[in-house]
């Protein structure tokens, strides 16, 4: 053993030289002996690294977070595919549900539910949507809430709709509920279900609880003479998982603040073109009201009224009254409430506004009486019940 310990690498190389008599072989063996320990040490380190999990503090990915986020956003954008509107689309027709008196909202809702696999009953839906048997109107937000709470169906209550947006929604398979005058020039509010369009004929195709199945609405007439009156109000309806597609189709207007501002810009341009038309100014008012800019809304509403409202304008849209109450101009609110209740004395929401106005004027008895009427007409209304409860407390 002592002998072996005294043999150096040089001695080994001399002995190999004597045996081989070849310098190149000696050099190669020499290099092998030098590199072998280094290679073995690297191999050991590599194996060890494979058996130890990476530290959470040292992420494997070396890309900046911003690049990763951009890649994810791009991938998501690619997944949400929207079919462009072609020259025509017609969705499956409803089985016609002819409405009973003042029942376009429930009847149209029944037709809509057919396309989600539900055989609803007009009388039952009316009982859920109308506050009492004399209720003459169903608001679109009430239908939105009913679809969500009862059936788990999603929808988006919107203003500032356009022909192109509705066409694209239809092209992607979405039914769209709209509100406008029942007929051009007739001040009766009406809800109907748009299920198709034809650019060749320049018409929407609707299932209408008043007029029948497959009714044609000419684009120009419908937009200018019927839809405009309600600030181009619409309700696309869809399964919850389809919301990203609907959101992409609607675009920037999906944000409520942007939607109202875009509606203001659109209606201001329309008012400039048609200075004697009250509806663009009314729509400017409802949009400013939606933004909480009550002074601007007041100017717009008063300009619209000075041009001239039809007799039933406040049967369907009460924002001018609500706006006066927000501004604490209670006497003006009461004046408009009287107009709204003319021939429509069962309008529960107007009694709530009347109670607010009387309370603002310090008339506790009349405020309480109006609130009690609101609760009697709409016993399920949380807002009416809360208002009455507040007024039953010592009057402030």
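In the numbering used here, the protein residues as written are 76 to 471. Here a beta-carbon is modelled for each residue, glycine too, at the ideal position from N, C-alpha and C. Since we're looking at a predicted model, the values are computed, not measured.
Would you give the residue range spanned by the alpha helix (DSSP H) that residue 239 belongs to? First-last of the alpha helix (DSSP H) with residue 239: 238-246.
Where does residue 304 fall in DSSP's three states? If DSSP states are grouped into helix, strand and coil, residue 304 belongs with the helices.
Are the CB atoms of residue 169 and residue 189 nearer to each other than 8 Å? Taking a C-beta distance under 8 Å as the contact criterion, residue 169 and residue 189 qualify as a contact pair.
Looking at the ligand ATP, does it come within less than 7 Å of residue 444, judged from the CB to the closest heavy atom? The ligand ATP is absent from the structure shown, which contains no ligand whatsoever.
Can you have a look at residue 418 and say buried or exposed, based on whether 16 or more other CB atoms are within 10 angstroms of its CB? Around the CB of residue 418, fewer than 16 other CB atoms lie within 10 Å, so the residue is classed as exposed.
Can you tell me the Cα-Cα spacing of residue 242 and residue 268, whole angstroms? Cα-Cα distance, rounded: 13 Å.
Exposed or buried, which one is residue 199 when buried takes at least 16 other CB atoms within 10 Å? When all chains shown are included, residue 199 counts as exposed.
Consult DSSP for residue 464 and reduce its assignment to one of helix, strand or coil. Note: residue 464 maps to helix in three-state DSSP.
Name the one or two DSSP bridge partners that residue 233 has. Its beta-bridge partners are 309.
From the DSSP output, in three-state form, read off residue 390 for me. In the three-state DSSP reduction, residue 390 falls in the helix class (H, G or I).
Burial state of residue 206, where buried means 16 or more other Cβ atoms lie within 10 Å: Buried, since its Cβ has 16 or more Cβ neighbours within 10 Å.
Alpha carbon to alpha carbon, how far is residue 310 from residue 223? Give it in angstroms, no decimals. CA-CA distance, residue 223 to residue 310, rounds to 13 Å.
Confirm, please, whether the CB-CB distance from residue 432 to residue 408 is below 8 Å. Yes.
Taking contact to mean at least 3 C-beta pairs separated by less than 8 Å, is the segment 224-243 in contact with the segment 254-266? Taking a cut-off of 8 Å on C-beta distances, the segment 224-243 does not touch the segment 254-266, as fewer than three cross pairs fall below it.
Through-space distance from residue 446 to residue 415, alpha-carbon basis: So the two alpha carbons sit approximately 17 Å from each other.
With distances taken from CA atoms, which of 461, 277, 251 and 349 is nearest residue 266? For residue 266, the nearest C-alpha among the options comes from 251.
Can you list, in chain order, the residues of its chain with a C-beta nearer than 7 Å to that of residue 379? Leave out the 5 residues immediately preceding and following it. Cβ-Cβ distances below 7 Å link residue 379 to 353, 356, 357 and 360 in the same chain, with the five nearest sequence neighbours on each side left out; the list follows chain order.
Can you list, in chain order, the residues of its chain with a C-beta nearer than 8 Å to that of residue 343? Leave out the 5 residues immediately preceding and following it. Cβ within range, chain order: 355 and 359.
Tell me whether residue 451 is buried or exposed, calling it buried when 16 or more other Cβ atoms sit within 10 Å of its Cβ. Per the 10 Å Cβ criterion, exposed.
Exposed or buried, residue 158, counting other C-beta atoms within 10 Å across all chains shown (16 or more means buried)? The residue is exposed, with fewer than 16 neighbouring Cβ atoms inside 10 Å.
Cβ pair count under 8 Å reaching 3, the segment 328-340 against the segment 386-400: Here the segment 328-340 makes no contact with the segment 386-400; the two share fewer than three CB pairs at distances below 8 Å.
Residue 293, DSSP secondary structure in three states: The DSSP-derived three-state label of residue 293 is strand.
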